[in-house]
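In full-length UniProt numbering, the protein residues as written are 1 to 231.
Report on one structure; see the data block that follows.
Right under this line is the structure:
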């Protein structure tokens, strides 16, 4: 691939994979927790939380990026505090990962929540009556049953992170070698004369990565389903 792609194109592909990986990994833990809370718990403001979780799907991505800039920019409320700790998100690849994680979060939560809701609560209750704690019930009963859903959510999150453009370019700009991800590179190549060929190559890479992720997800999902089902 390094011979087929130029240095700038390869840098965009490598950065996108890096950003998508860390965005998915960072969203996974909070996503499972929020999905479980929405599926199993009753608490004041539950619908508000559900609305906030899905807000990035409704808002224009540019608006989400602007809100991230206001919150996590070096002059923002959280950003100025984090800057004192040596943590900077704005105009860094870490900011691209944060933006991608925020945009992918609703897809991850929805997939995991549907899997949790499909688990018979009586199975969890039976384990609780035997003296198991709530955490132990989740780890030993619920988690194995929802693994296919977690995988599906993770793949959706990874694909969304790979293709995220609006929030990312608003929050971290389009800096070659630093924040220029695959979608940003495609956009940049289309803005210059003769850049259509390079843009097409990157589009083909995007299709290949997305299809490979989906096929891998399907294979692992079926394998886990057979293991859980005892086949």
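Glycine is no exception: its CB is placed at the ideal position from the N, C-alpha and C atoms.
{"Asked": "The segment 44-58 / the segment 116-134 touching (three or more Cβ pairs under 8 Å)", "Found": "no"}
{"Asked": "Residue 41 - DSSP class collapsed to helix/strand/coil", "Found": "coil"}
{"Asked": "Where residue 51 falls: helix, strand or coil (DSSP)", "Found": "helix"}
{"Asked": "Alpha carbon of residue 75 to alpha carbon of residue 83, nearest angstrom", "Found": "9 Å"}
{"Asked": "Residue-chain proximity (residue 53, chain B), Cβ-Cβ < 7 Å", "Found": "No chain B appears in this structure, which consists of one protein chain only."}
{"Asked": "Residues near residue 91 in its chain [Cβ-Cβ closer than 6 Å; skip 5 each side]", "Found": "172, 173"}
{"Asked": "Burial state of residue 216, where buried means 16 or more other Cβ atoms lie within 10 Å", "Found": "exposed"}
{"Asked": "Residue from 117, 179, 201 with nearest C-alpha to residue 189", "Found": "201"}
{"Asked": "Beta carbon of residue 69 nearer than 7 Å to that of residue 99", "Found": "no"}
{"Asked": "Contact set for residue 60: own chain, Cβ-Cβ below 8 Å, skip 5 residues either direction", "Found": "166"}
{"Asked": "DSSP state of residue 164 mapped onto helix, strand, coil", "Found": "coil"}
{"Asked": "Cα-Cα separation, residue 109 to residue 11", "Found": "30 Å"}
{"Asked": "Cβ pair residue 112, residue 153 closer than 7 Å", "Found": "yes"}
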